[in-house]
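Residue numbers (full-length UniProt numbering), protein chains in the order written: chain A, 1 to 309; chain B, 1 to 309. Below you'll find the structure, written out as structure tokens, and then a few comments.
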DNA sequence: CGGCCTTCATGAGACAAACTCATTTTTTTT
DNA sequence: AAAAAAAATGAGTTTGTCTCATGAAGGCCG
């Protein structure tokens with residue numbers, strides 16, 4: 001019944017105050033608009049504006065339609081602009097969510113650099129404990145999710161960012177201090193502190209403890225890394241973190257890092273994005289930047305990690 | 001470029017998960033939708049959804065369009081419904097503003113009765129000190145304004161509601177008490193309390209004092225009628241009010257009402273509405289109700305007004 | 001693994017909607 | 001009151017949108 005054409009017309013009519021001028025602005029003839037209005041008015045069964053008056057006066061129905069136009073037309077225009085930008089690849093949106101708090105540490109430099117290189121791109125960063133990021137990525141509410149858990153989903157691609165080693169933080173005078181590396185059984189008597197997420201998303205369980213069928217003496221959770229570190233340092237538990245996240249604490253001698261298993265618990269972070277975004281220039285650029293920067297940031301970590309092997 | 005048709009189509013596609021079913025829901029053929037998408041994708045230069053997949057997966061561009069559809073389509077539907085209701089006259093909107101606080105007194109019963117008779121009509125009442133109500137009425141933000149000052153405007157009609165007499169409230173032991181009616185000069189020595197609006201909208205000035213070129217000794221303002229009454233009762237000033245607004249105070253002997261001029265200061269309240277709304281059934285019904293009720297409410301007032309003539 | 005079934009794409013043609021042109025009617029201006 | 005401007009109307013044409021018929025591509029299942 002109502003069409004965008006009608007909204008554009010009535011909007012132009014308010015601005016120009018005459019059918020003739022409105023037609024000109026819309027690159028149409030006065031006749032076209034006259035027909036258009038007559039037909040629409042027939043359909044809704046009411047007049048939309050008062051003819052015999054200058055300036056034009058709208059009826060209640062016309063005003064209602066105008067209010068609609070004022071709401072809708074900007075939305076349409078905005079989306080058309082956004083699509084244009086998306087197609088040209090010069091600008092767009094990059095809403096990022098990260099699954100783990102510690103990721104801020106290496107992500108922030110990438111984000112800063114990216115902001116400079118692509119000022120047109122609307123960049124947003126959200127920490128993802130509050131909601132499920134992957135469905136949001138599928139829905140289009142998010143554009144990039146940093147995760148260590150690449151579950152296969154149609155239309156979602158995972159770009160490897162960098163590998164890291166998950167290590168165990170223990171206090172400096174811990175009994176396990178002497179061992180070159182820890183075995184699952186060593187944790188049977190320990191309190192394990194984790195982020196408050198499901199077990200199947202924690203490598204320490206899925207890839208270390210569960211294969212050996214070991215359960216820690218106690219499991220407690222904390223949302224904040226610093227809080228975890230306090231607990232560990234005071235001997236109230238141990239916790240498993242990426243080596244680069246632990247580095248700032250272990251390198252200062254606040255806690256000690258211990259390798260998990262003979263070869264260490266190697267893991268990998270991925271950027272999850274909708275597959276079609278891979279082609280978008282600013283996205284691929286961001287991924288390159290992120291890889292570069294994470295590499296530069298973490299290079300030192302692996303050497304000076306304080307990892308007591 | 002983008003058309004409502006496209007929004008409806010992509011919206012249906014998400015719900016049905018296949019072009020064929022989406023076409024059915026839209027009472028079109030699968031071919032039509034296929035053509036439609038191909039053409040739109042050509043225009044924006046990107047794919048909108050991934051063909052070879054079930055359920056359908058939208059690209060970033062498609063998701064953007066979907067978000068637009070979710071915003072726009074409800075607005076369109078809503079307006080179409082509203083227009084339908086407006087045309088049939090069975091339901092609609094009646095946003096009322098009143099220019100003076102005291103009007104609540106007689107308006108509320110009308111509003112209550114109206115609510116019962118026209119439950120479908122979205123009724124809203126706003127006190128109008130905060131903004132200029134007549135431009136809002138012209139714009140369509142308001143539908144009815146109660147005013148005592150019918151300035152001629154194209155497209156705005158004034159429906160007389162009822163006449164009233166503006167009288168002066170004075171304290172019970174006031175020196176002017178003895179006079180059968182007051183003359184302008186009597187106010188030269190008085191403190192006049194008014195609502196905080198421009199003088200040219202106050203009858204006491206435009207129709208009583210200014211013609212005689214008299215200025216009160218002092219003018220002070222108050223927003224609330226009860227506050228005015230307190231000031232008057234304690235002898236700190238006099239104030240001019242409609243007789244029906246003063247009635248509840250004067251009839252209890254709290255203050256005394258005095259006629260202004262030999263024949264009294266007669267005034268009239270009007271309902272201002274956009275002319276085309278006069279035809280709408282619920283509007284004319286409201287006007288009749290308001291007239292009836294105000295008449296019934298005020299009838300007693302004029303008799304038992306305590307007006308000391 | 002090949003045939004079948006479903007889904008989507010494509011081209012040609014039909015139909016309708018929307019526009020233009022020419023003209024008349026109405027309104028505004030001077 | 002006449003002239004000018006604006007809007008309405010009717011006929012005709014263009015454009016766009018749909019359908020029909022058909023072809024191509026995936027996915028399912030014996």
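Cβ atoms here follow ideal geometry from the backbone N, Cα and C, with glycine treated the same way.
Does any residue of chain A have a CB that is nearer than 8 Å to the CB of residue 85(B)? no
Residue 49(B) - partner residues in DSSP beta bridges: 58(B)
With 8 Å set as the bound, which would you pick, yes or no: does the beta-carbon of residue 105(A) sit closer than that to a beta-carbon of chain B? no
Could you confirm whether any beta carbon from chain A is found closer than 8 Å to the beta carbon of residue 140(B)? yes
Backbone CA spacing between residue 8(B) and residue 3(A) [nearest angstrom]: 12 Å
With 9 Å as the limit, tell me which residues of the stretch 28-50 of chain A have their beta carbon closer than that to any beta carbon of chain B; keep them in chain order. 44, 45, 46, 47 and 50
What does the alpha-carbon distance come out to for the pair residue 303(A) and residue 79(A)? Low per-residue confidence applies at residue 303(A): pLDDT is 40, beneath 50, and the placement is therefore not dependable, though the value from the model is reported in the following sentence. In a straight line, the C-alpha of residue 303(A) is about 48 Å away from that of residue 79(A).
Assuming residue 57(B) and residue 133(A) are in contact, meaning their beta carbons sit under 8 Å apart, how far apart are those beta carbons, in whole angstroms? Not quite, the Cβ-Cβ distance comes to about 17 Å (not below 8 Å), so this is no contact.
Delimiting residues of the beta strand (DSSP E) encompassing residue 145(A): 144-147
With 8 Å as the threshold, decide whether the Cβ of residue 304(B) is near any Cβ in chain A. Low per-residue confidence applies at residue 304(B): pLDDT is 36, beneath 50, and the placement is therefore not dependable enough to give any value.
Determine, for residue 61(B), whether the minimum Cβ-Cβ distance to residues of chain A falls below 8 Å. yes
Could you tell me the distance, in whole angstroms, from the CA atom of residue 252(B) to the CA atom of residue 136(B)? 39 Å
Measuring CB atoms only, is the stretch 165-173 of chain A touching the stretch 240-254 of chain A, in the sense that at least three cross pairs come out at less than 8 Å? yes
Since residue 48(B) contacts residue 10(B) with CB under 8 Å, what's their CB separation in whole angstroms? 7 Å
For residue 151(A) versus residue 269(A), is the C-beta spacing smaller than 8 Å? no
7 Å Cβ shell around residue 307(B) - same chain, five flanking residues per side excluded: Residue confidence for residue 307(B) is low, a pLDDT of 45 falling below 50, so the modelled location carries little weight and cannot support an answer.
Along chain A, in chain order, which residues have C-beta atoms closer than 8 Å to that of residue 4(B)? 2, 3 and 4
Can you tell which of 81(B), 233(B), 113(B) and 33(B) has its C-alpha closest to the C-alpha of residue 291(B)? 113(B)
Output the residue ranges of the alpha helix (DSSP H) runs that lie fully inside the stretch 199-271 of chain A and measure 4 residues or longer, sorted by chain position. 225-233 and 243-250
Inter-residue Cα distance where the pair is residue 21(B) and residue 53(B): 15 Å
Boundaries (first-last residue) of the alpha helix (DSSP H) holding residue 315(A): The displayed coordinates of chain A run from 1 to 309. Any statement about residue 315(A) would go beyond what the structure contains.
Taking the alpha-carbon of residue 55(B) as reference, which of 231(B), 179(B) and 18(B) has the nearest alpha-carbon? 18(B)
Per-residue DSSP class, three states only, for residue 88(B): helix
Neighbour list for residue 223(A) in chain B, Cβ cutoff strictly below 9 Å: By Cβ distance, chain B contributes nothing, its closest Cβ being about 30 Å from residue 223(A), past 9 Å.
Among residues of its own chain, excluding the 5 on either side of residue 216(B), which ones have a beta-carbon nearer than 6 Å to its beta-carbon? 187, 190 and 192
For a quick check, are the C-beta atoms of residue 140(A) and residue 64(B) less than 8 Å apart? yes
Counting only Cβ pairs nearer than 8 Å, list the residues of chain B close to residue 242(A). None at all; the shortest Cβ gap to chain B is about 30 Å.
Rounding to the nearest angstrom, what Cα-Cα distance links residue 236(B) and residue 204(B) in this structure? 18 Å
Give a yes or no on whether the minimum CB-CB distance between residue 122(B) and chain A is below 8 Å. no
Between the CA atoms of residue 210(B) and residue 196(B) - distance to the nearest angstrom: 18 Å
Host alpha helix (DSSP H) of residue 16(B) (start-end): 4-16
Anyone know if the C-beta pair for residue 181(A) and residue 261(A) falls short of 8 Å? yes
Considering only the beta carbon of each residue, do residue 142(B) and residue 71(A) sit closer than 8 Å? no
Looking only at its own chain, which residues have a Cβ that is under 7 Å from the Cβ of residue 37(A), when we skip the five neighbours before and after it? 48
How about residue 104(B) and residue 272(B): are their beta carbons less than 8 Å apart? no
Which class does residue 72(B) belong to by DSSP, given the choice of helix, strand or coil? helix
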